[in-house]
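Participant: Residue numbers (this note's numbering): 355 to 783.
Backbone N, C-alpha and C fix where the C-beta goes; we use that ideal spot for every residue, glycine too.
Keep in mind it's a predicted model, so treat the numbers as computed, not measured.
1. When you compare the segment 704-715 with the segment 644-658, are there three or more beta-carbon pairs, one atom per stretch, that lie closer than 8 angstroms?
2. Helix, strand or coil, according to DSSP, for residue 707 in the structure here?
3. Is the Cβ of residue 487 closer than 9 angstroms to any Cβ of chain D?
4. Alpha carbon to alpha carbon, how far is residue 382 from residue 475? Give it in angstroms, no decimals.
5. Go ahead and label residue 542 buried or exposed: buried means 16 or more other beta carbons lie within 10 angstroms of its beta carbon, across all protein chains shown.
6. Please name the residue in 450, 775, 683 whose C-alpha comes closest to that of residue 460.
7. Excluding five sequence neighbours on each side, which residues of the same chain lie with their C-beta closer than 7 angstroms to the C-beta of residue 730?
8. Can you tell me whether DSSP reads residue 635 as helix, strand or coil?
9. When you compare the segment 466-481 with the segment 374-394, are there three or more beta-carbon pairs, one atom per stretch, that lie closer than 8 angstroms?
10. Please state whether DSSP places residue 627 in a helix, a strand or coil.
11. Hey, which unbroken runs of the alpha helix (DSSP H) at 4 residues or more fall wholly within the segment 517-598?
12. Would you give the residue range spanned by the beta strand (DSSP E) that residue 393 belongs to?
13. Compare the C-alpha of residue 440 against each of 557, 535, 590, 766 and name the closest.
14. Could you give the residue range of the alpha helix (DSSP H) that holds residue 436?
15. For residue 553, which option in 643, 783, 662, 392 has the closest C-alpha, if you only look at C-alpha atoms?
16. Which whole-angstrom value is the C-beta distance of residue 627 and residue 674, which I expect to be below 8 angstroms?
17. To test your reading of the DSSP string, which unbroken beta strand (DSSP E) runs of 3 or more residues are found completely within the segment 693-777?
18. By how many angstroms is the C-alpha of residue 513 removed from the C-alpha of residue 428?
19. How should residue 497 be labelled, buried or exposed, when 16 other C-beta atoms within 10 angstroms of its C-beta is the threshold for buried?
20. Between the C-alpha atoms of residue 754 and residue 576, what's the straight-line distance to the nearest angstrom?
21. Please state whether DSSP places residue 648 in a helix, a strand or coil.
22. Distance check for residue 644 and residue 487, CA to CA, integer angstroms please.
23. Are there 16 or more other CB atoms within 10 angstroms of the CB of residue 433, so buried, or fewer, so exposed?
24. Is the beta carbon of residue 689 closer than 9 angstroms to that of residue 780?
25. Please report the distance separating the alpha-carbon of residue 782 from that of residue 748.
26. Determine the direct distance from the alpha carbon of residue 775 to that of residue 761, and round the result to whole angstroms.
27. Hey, quick one: how far does the beta strand (DSSP E) through residue 376 stretch, first residue to last?
28. Excluding sequence positions up to five away, which residues of its chain have a Cβ less than 6 angstroms from the Cβ of residue 422?
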């Protein structure tokens with residue numbers, strides 16, 4: 355396959371599964387919604403349904419809440435992924451937890467999602483009030499999905515079957531969501547009234563229910579596209595594993611093979627690359643696919659790279675297209691703080707970019723974002739689950755791009771140097 359053909363296939367792969375997550379506040383019905391999608395799309399066997407029945411009634415949430423603690427407490431703790439397919443397309447669902455203390459799990463799921471379904475529980479809101487206030491976690495998860503550049507955000511107003519006037523409730527909640535979305539700069543793909551428990555508007559559309567005329571939630575999801583690879587950027591290849599003694603009988607001719615997943619751009623034989631941090635230059639002799647056949651490297655696809663000469667390359671290094679990146683030791687970034695201990699200026703963390711670890715010191719907290727008003731506020735620290743802007747000083751330079759330009763090169767993870775816990779999600783400004 356030629357480079358142009360491989361690129362065209364990667365950018366228009368309609369057979370790829372759509373990855374989407376469900377998020378929102380606690381007990382909004384996220385797990386139940388996924389259970390409903392699985393059952394109504396016939397992705398669950400009868401014995402599986404029998405195993406999640408309680409007192410003769412099926413508990414759809416248990417189809418994804420598989421941990422013992424989740425079943426005992428009736429909450430979602432970790433992200434659970436399930437696969438299902440319809441005649442129109444394939445799906446991979448991530449059931450993200452709603453509790454604040456598990457926000458890090460939700461961020462992990464959203465970082466690779468093509469779409470997010472934010473659930474809103476109508477029974478928790480003062481739906482009779484046209485100026486009702488949304489729950490903080492609804493706002494927070496929507497903002498996080500927006501910051502993480504999830505391409506499509508859909509709002510699903512759930513449990514409308516449990517209110518006295520579903521049409522009025524949906525009209526007021528939809529108005530509140532539209533007001534919030536405009537203020538946050540979010541353009542939702544759809545706002546759909548549903549009942550995950552009863553199945554209304556989940557798989558099959560029910561025209562006129564709640565005064566809504568439009569597609570069901572699943573019909574909206576079937577229309578969405580997967581996120582295309584970042585082939586418009588220059589090539590950036592994070593080295594994950596070095597095969598030090600390749601067999602002289604194979605296509606690598608005894609040279610070392612550098613394996614990883616291309617972050618951005620494309621790689622072909624003859625392309626020049628620069629090693630970060632070493633600074634050496636070389637040319638690509640071969641690109642191998644997973645079965646060691648000659649191929650063209652495409653962003654988001656795994657590959658093995660053989661260079662035309664031996665240079666010092668280790669796990670964590672980057673192979674970069676020369677002249678397109680300006681590695682820097684100073685970063686200004688948006689941080690979603692996930693640790694139990696607050697973020698304060700002066701502290702040092704490990705920063706992970708690709709497979710490269712460097713020390714990062716927090717120079718300054720610029721401001722914090724108020725999830726209620728969306729206003730930027732002065733702050734001396736970021737509390738758990740807060741979102742703010744900070745300045746970081748790195749021990750060694752990294753080749754990053756603004757996150758709005760590249761999800762792959764604009765994202766880092768901060769890790770506590772003592773506890774080794776994930777402390778924050780960093781989005782480069």
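Facilitator: Considering the structure as presented:
1. The segment 644-658 and the segment 704-715 do not touch, with fewer than three beta-carbon pairs separated by less than 8 angstroms.
2. Correct three-state label for residue 707: strand.
3. Protein chain content of the structure displayed is limited to a single chain, and chain D is not contained in it.
4. Straight-line Cα distance between these residues: approximately 5 angstroms.
5. When all chains shown are included, residue 542 counts as buried.
6. For the residues 450, 775, 683, the minimum Cα distance to residue 460 belongs to 450.
7. Hits under 7 angstroms: 721, 723.
8. Assignment of residue 635 by DSSP, reduced to helix, strand and coil, places it in the strand class.
9. A contact exists between the segment 466-481 and the segment 374-394.
10. In the structure shown, residue 627 sits in a strand (DSSP, three-state: E or B).
11. Those alpha helix (DSSP H) runs which fall completely within the segment 517-598 and span 4+ residues are 520-538, 571-577.
12. Residue range 384-394 is occupied by the alpha helix (DSSP H) that includes residue 393, with no beta strand (DSSP E) assigned at that position.
13. From the listed residues 557, 535, 590, 766, the smallest Cα separation to residue 440 is found for 557.
14. Careful: residue 436 lies outside any alpha helix (DSSP H), inside the beta strand (DSSP E) at 434-439.
15. Residue 392 is the option with its Cα nearest to residue 553.
16. Right, the Cβ-Cβ distance comes to about 6 angstroms (below 8 angstroms), so this counts as a contact.
17. 702-707, 710-723, 741-752, 765-770, all fully within the segment 693-777.
18. Legend: pLDDT at residue 428 = 49, less than 50; position of this residue unreliable, value from coordinates given subsequently. Distance between residue 428 and residue 513, taken at the CA atoms: about 18 angstroms.
19. Under this definition residue 497 is a buried residue.
20. Separation of residue 754 and residue 576 (C-alpha to C-alpha, rounded to the nearest whole angstrom) is 33 angstroms.
21. Residue 648: strand per DSSP, three-state reduction.
22. Each residue's alpha carbon lies about 51 angstroms from the other.
23. Counting other Cβ atoms within 10 Å of its Cβ, residue 433 reaches 16 or more and is therefore classed as buried.
24. Yes. Within cutoff.
25. Distance between the alpha carbons of residue 782 and residue 748 is about 13 angstroms.
26. Each residue's Cα considered, the two are about 22 angstroms apart.
27. Per DSSP, residue 376 is one residue of the beta strand (DSSP E) stretching across 372-378.
28. Summary for residue 422: the model assigns pLDDT 43, below 50, so the residue's position carries little reliability; its value from the coordinates is reported in the next sentence. Within the same chain, residue 422 has no close Cβ partners at all.
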